[in-house]
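Under full-length UniProt numbering, the first residue of the sequence shown carries the number 1, and numbering increases by one thereafter. Glycine included, each C-beta is placed from N, C-alpha and C at the ideal position. Here the structure is laid out as structure tokens; the discussion comes afterwards.
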Amino acid sequence: VFLSSASDPYQAVEAKYRLTRSCLEVLLEHDFPVNILTRSHLVLRDLDILKKFGWIRVGMSITSVPNRMFEPRVPPLERRLETLRRLSEEGITTWVSLAPIIPNLFMVDLEGLLKKLKEAGVSAIHAGVLRFEGYEDSRKMFEEKSGASYYGAILGSDSLIHKVNDLIARYGFDTSPKIFEWKDKNTVLEKYITP
1 VFLSSASDPY QAVEAKYRLT RSCLEVLLEH DFPVNILTRS HLVLRDLDIL
51 KKFGWIRVGM SITSVPNRMF EPRVPPLERR LETLRRLSEE GITTWVSLAP
101 IIPNLFMVDL EGLLKKLKEA GVSAIHAGVL RFEGYEDSRK MFEEKSGASY
151 YGAILGSDSL IHKVNDLIAR YGFDTSPKIF EWKDKNTVLE KYITP
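Listed below in structure tokens is the structure:
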């Protein structure tokens with residue numbers, strides 16, 4: 001179960017309502033594998049539950065532009081690095097979604113970031129470029145906030161993503177999807193799906 005590719009499961013309101021924590025309790029009770037993607041240190045609140053899972057992955061999302069430019073409410077990078085470090089120290093497999101990468105707005109010292117991620121115990125990094133196909137309102141908002149043309153910003157994105165992935169691999173991070181492979185999937189499938 002992936003929590004969550006479309007919206008952060010640890011938004012600020014989660015501190016009050018604890019919906020993600022409740023979901024994790026149910027998933028743990030039924031022995032489901034869980035992959036979490038967040039930007040928030042609030043995930044540490046649920047460390048007691050996360051450590052009980054037989055298969056768990058926790059990822060942090062990091063973009064190629066300064067946080068405050070497009071995501072003014074996300075925790076700062078240093079807070080996310082500390083969260084990754086703590087999770088890794090507790091035996092949780094961690095990963096990073098380095099996305100979106102915006103070629104003409106690549107404002108991150110990538111090598112410096114990779115060193116910090118290595119020190120934090122991160123196992124894998126998956127990089128992706130900005131895509132707005134089918135999201136015209138989002139494209140317009142991006143252009144207003146950045147002052148850049150989206151179509152100009154993505155020029156050269158294919159070659160950039162190859163360079164980024166090469167550098168990530170040189171630092172010893174896994175860039176393949178195998179970190180997400182769950183070896184015992186038939187156990188849960190047999191339990192909950194009847195032919």
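- Residue state for Ala99 is assigned as strand, using DSSP reduced to three classes.
- Bounds of the alpha helix (DSSP H) holding Val26 are Leu19 to Glu29.
- Within the same chain, Cβ atoms closer than 8 Å to the Cβ of Thr20 are found at Leu3, Pro9, Tyr10, Glu14 and Asp46, the five residues on either side in sequence being excluded.
- Nearest in C-alpha terms to Phe180, of all of Phe53, Arg73 and Ala124, is Ala124.
- The beta carbons of Arg79 and His41 sit about 5 Å from each other, so the pair counts as a contact at 8 Å.
- Taking 4 residues as the shortest admissible run, the stretch 47-93 contains the following complete alpha helix (DSSP H) segments, listed from N- to C-terminal end: 47-50, 67-70 and 77-89.
- If you ignore the 5 residues before and after Ile161, its C-beta comes within less than 8 Å of the C-beta of Ile101, Ala127, Gly128 and Val129, all in its own chain and listed in chain order.
- Beyond the five residues adjoining it in sequence on each side, Val96 comes within less than 7 Å, by CB distance, of Gly59, Met60, Ile62, Leu117, Val122 and Ile125 in the same chain, given in chain order.
- Taking a C-beta distance under 7 Å as the contact criterion, Val65 and Leu27 do not qualify as a contact pair.
- Counting every other CB atom within 10 Å of its CB across the protein chains shown gives Pro33 a total of 16 or more, marking it as buried.
- Note that the C-beta distance between Tyr150 and Glu143 is below 7 Å.
- By the beta-carbon neighbour count (other beta carbons within 10 angstroms, threshold 16), Arg39 is buried.
- Leu113 is the residue among Ser138, Gly91, Ile49 and Leu113 whose C-alpha sits nearest the C-alpha of Leu77.
- When only Cα atoms are considered, Ser88 and Lys115 end up about 15 Å apart.
- In the DSSP assignment, Ile161 falls within the alpha helix (DSSP H) that extends over Ser157 to Arg170.
- For Asp174, the secondary structure class from DSSP, reduced to helix, strand or coil, is strand.
- The DSSP-derived three-state label of Gly112 is helix.
- Of Ser157, Glu119, Leu24 and Ala120, the smallest CA-CA separation from Gly54 is found for Leu24.
- Leu130 carries a coil assignment under DSSP once its states are collapsed to helix, strand and coil.
- The Cβ-Cβ distance between Thr94 and Leu84 falls below 7 Å.
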